[in-house]
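The working numbering applies: residue 101 is where the sequence shown begins, and numbers increase by one.
Taking it in order: structure first as structure tokens, then the write-up.
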Amino acid sequence: MKIFLDTANVDEIKNASEANLIDGITTNPSLMAKEIKRTGLDSNLILKKITKLVSGPISAEVVSKDLDGMVKEAKKLKEIAPQIVIKIPMTFDGMKAVRRLKKEEIDTNVTLVFSANQALLAAKAGATYVSPFVGRLDDIGNDGMNLVGEILTIFENYNFKTEVIVASVRHPKHVKESALMGAHIATIPYKILNKLFNHCLTDQGIVRFDNDWKDAHK
Ligand code: E4P
Numbered sequence: 101m102k103i104f105l106d107t108a109n110v111d112e113i114k115n116a117s118e119a120n121l122i123d124g125i126t127t128n129p130s131l132m133a134k135e136i137k138r139t140g141l142d143s144n145l146i147l148k149k150i151t152k153l154v155s156g157p158i159s160a161e162v163v164s165k166d167l168d169g170m171v172k173e174a175k176k177l178k179e180i181a182p183q184i185v186i187k188i189p190m191t192f193d194g195m196k197a198v199r200r201l202k203k204e205e206i207d208t209n210v211t212l213v214f215s216a217n218q219a220l221l222a223a224k225a226g227a228t229y230v231s232p233f234v235g236r237l238d239d240i241g242n243d244g245m246n247l248v249g250e251i252l253t254i255f256e257n258y259n260f261k262t263e264v265i266v267a268s269v270r271h272p273k274h275v276k277e278s279a280l281m282g283a284h285i286a287t288i289p290y291k292i293l294n295k296l297f298n299h300c301l302t303d304q305g306i307v308r309f310d311n312d313w314k315d316a317h318k
């Protein structure tokens, strides 16, 4: 399973990419706004910096709601670097934009997907990726990972090439379940990436080895 980092924070991306564990990046207007406030840089410059750190796909979201506006914005974003993927919200106009962009060979990531039918429509429109938001579904008492399973089954039934990005990841269990289900990608916040390294027995083991080593060298 590929791991994307769900952040626009350039320092986090730099740190994570040093271990070569990151296959791509997803951003959204909220994450971008946070980074704009933190750095004082504009969003294009932030994206440019990210493209220098990561060679894989980098999702940048349009903020226009209408078809022409979305397509125009997409083309501008695409000028930043070839690896930019255009994040489009799951709306009727959004799917028309996906269709138009596909004709121009521009990759898209359909975002804010909360049902299997939405994912089916996105795949039929020609989306490169769909992003079911599992954490936000869990938040309202639904089962986010169940949706991922449904989408994977539908895509397999009809041999869709669209890849599933498990998004709105809240804890390591979401990551493990994504991998067990065979999701193509999980996009995870930096805080969760750090949690994936942790195990109390690893910490205890390091202390014990250290103590034994020091004891023998007194
Ligand atoms: C994914 O593409 C989104 O940027 C993100 O995962 C949303 O996560 P949130 O529900 O924690 O805001």
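C-beta: ideal position from N, C-alpha, C; glycine also.
The model shown is predicted, which means the values in this text are computed figures rather than measured ones.
Any non-hydrogen atom of ligand 1 within 6 Å of residue i CB
i, result
"Ser-268", "yes"
"Thr-126", "yes"
"Ser-278", "no"
"Ser-164", "no"
"Asp-106", "yes"
"Ser-231", "yes"
"Gly-235", "yes"
Cβ shell of residue i (< 6 Å), same chain only, five flanking positions each side left out
i, result
"Ala-219", "Val-213, Val-230, Ile-251"
"Asp-238", "Gly-244"
"Gly-194", "Ile-188"
"Ser-268", "Phe-233, Val-234, Gly-235, Arg-236"
Helix, strand or coil at residue i [DSSP, three-state]
i, result
"Lys-187", "strand"
"Asp-303", "helix"
"Thr-139", "helix"
"Ser-215", "coil"
"Ser-278", "helix"
"Leu-105", "strand"
"Gln-206", "It is Ile, not Gln, that sits at residue 206 in the sequence shown. Three-state DSSP puts Ile-206 in coil, outside helix and strand."
"Gly-156", "coil"
"Val-163", "coil"
"Ala-283", "coil"
"Val-269", "coil"
"Ile-146", "helix"
"Ile-125", "strand"
Same chain only: Cβ atoms within 8 Å of residue i, ignoring 5 sequence neighbours per side
i, result
"Val-198", "Ile-188, Thr-208, Val-210, Ala-222, Ala-225, Gly-226, Ala-227"
"Val-110", "Glu-135, Thr-139, Ile-146, Lys-149, Ile-150, Leu-153"
"Ala-216", "Leu-247, Glu-250, Ile-251, Ile-254"
"Ala-181", "Leu-147, Lys-148, Thr-151, Ile-158"
"Thr-191", "Lys-165"
Close Cβ partners of residue i (< 7 Å) along its chain, the five nearest in sequence each way excluded
i, result
"Val-154", "Ile-113, Ser-117, Ile-122, Gly-124, Ile-125"
"Leu-177", "Ala-160, Ile-184, Ile-186"
"Gly-282", "Leu-252"
Check your understanding: Can you list the beta strand (DSSP E) stretches of 3 or more residues lying completely in the stretch 222-263, in chain order?
Key -> Counting only runs of at least 3 residues, the stretch 222-263 fully encloses the following beta strand (DSSP E) elements, listed from N- to C-terminal order: 229-232.
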